[in-house]
DNA sequence: CTCCCGATAT
DNA sequence: ATATCAGGAG
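In our numbering, the protein residues as written are 53 to 272.
If you want it as structure tokens, here you go:
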């Protein structure tokens, strides 16, 4: 990834200008809520997650509530987000550990968040950045992975390896915002099925633009 | 690598 | 019909 180091500054500068207004699309008020919402958001649109979390958070107000939840009931309440059995188990077991080992409070360190069942680096990074404004890494989800590959920022497929690549040349002060800028750009422009390179503000910095649109004029 | 899994766009 | 959506565990 040699060209990546040269282009990353321009990419970030332009994305920041275009997406500075929008932050996470997940609705939340507490660290526990962003943790649960992020678990629910796996392979599901944030839109569908936002539909069910108001009633969910009215019923379950803290980690102890989730820890003692009736599993079948919780499964039904989150069924529409898919993977509902796995997600219910993760939410309950993670909440139990928060109650047992962290005094009912969502931990603020990557090391501790990774001890929660159902929480890996992507979810931990989202909780750290959204709830605590800390960046111990860069959250790599399906959007970030796809854009990192298209932009020539990483050739890896494993999210943890993509994250390592990004951490090696994305300035640390940008880590906090890098994920949501790429997610927003991925949702609006650089979509999985139909990347809209003609209206992309960083197409001139993207080695994939000509692949998708052979006759494209690069001059944003 | 496979499995988990409903909702939506194409 | 099929791909994709703020992934993680076995």
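Beta carbons are placed, not taken as given, at the ideal position from N, Cα and C, and that holds for glycine.
Using 9 Å as the threshold, is the C-beta distance between residue i and residue j below it?
| i | j | result |
| --- | --- | --- |
| residue 183 | residue 157 | no |
| residue 197 | residue 186 | no |
| residue 102 | residue 140 | no |
| residue 265 | residue 242 | no |
| residue 228 | residue 181 | yes |
| residue 175 | residue 87 | yes |
| residue 64 | residue 230 | yes |
| residue 171 | residue 83 | no |
| residue 262 | residue 268 | yes |
| residue 256 | residue 71 | no |
Under DSSP, the alpha helix (DSSP H) around residue i begins and ends at which residues?
| i | result |
| --- | --- |
| residue 90 | 83 to 92 |
| residue 237 | 227 to 240 |
| residue 149 | 136 to 153 |
| residue 106 | 98 to 111 |
| residue 95 | Looking at the DSSP string, residue 95 is not in any alpha helix (DSSP H), and its letter there is neither H nor E. |
Going by DSSP, name the residue or residues bridged to residue i.
| i | result |
| --- | --- |
| residue 223 | Paired residues: none, contrary to the question. |
| residue 247 | 242 |
Kindly indicate which three-state DSSP category residue i falls into: helix, strand or coil?
| i | result |
| --- | --- |
| residue 266 | coil |
| residue 169 | coil |
| residue 159 | coil |
| residue 259 | coil |
> Just checking, does the region 84 to 98 make contact with the region 56 to 67 on the three C-beta pairs under 8 Å criterion?
Replying inline: No, the region 84 to 98 does not touch the region 56 to 67.
>> Using a Cβ distance threshold of 8 Å, determine whether the region 117 to 137 contacts the region 202 to 218, with at least three qualifying pairs required.
In response: Taking 8 Å as the limit for Cβ pairs, the verdict is that the region 202 to 218 does not touch the region 117 to 137.
>> Contact between the region 149 to 164 and the region 213 to 221 is defined here as three or more beta-carbon pairs at a separation below 8 Å; is this criterion met?
In response: With fewer than three CB-CB distances shorter than 8 Å, the region 149 to 164 does not count as touching the region 213 to 221.
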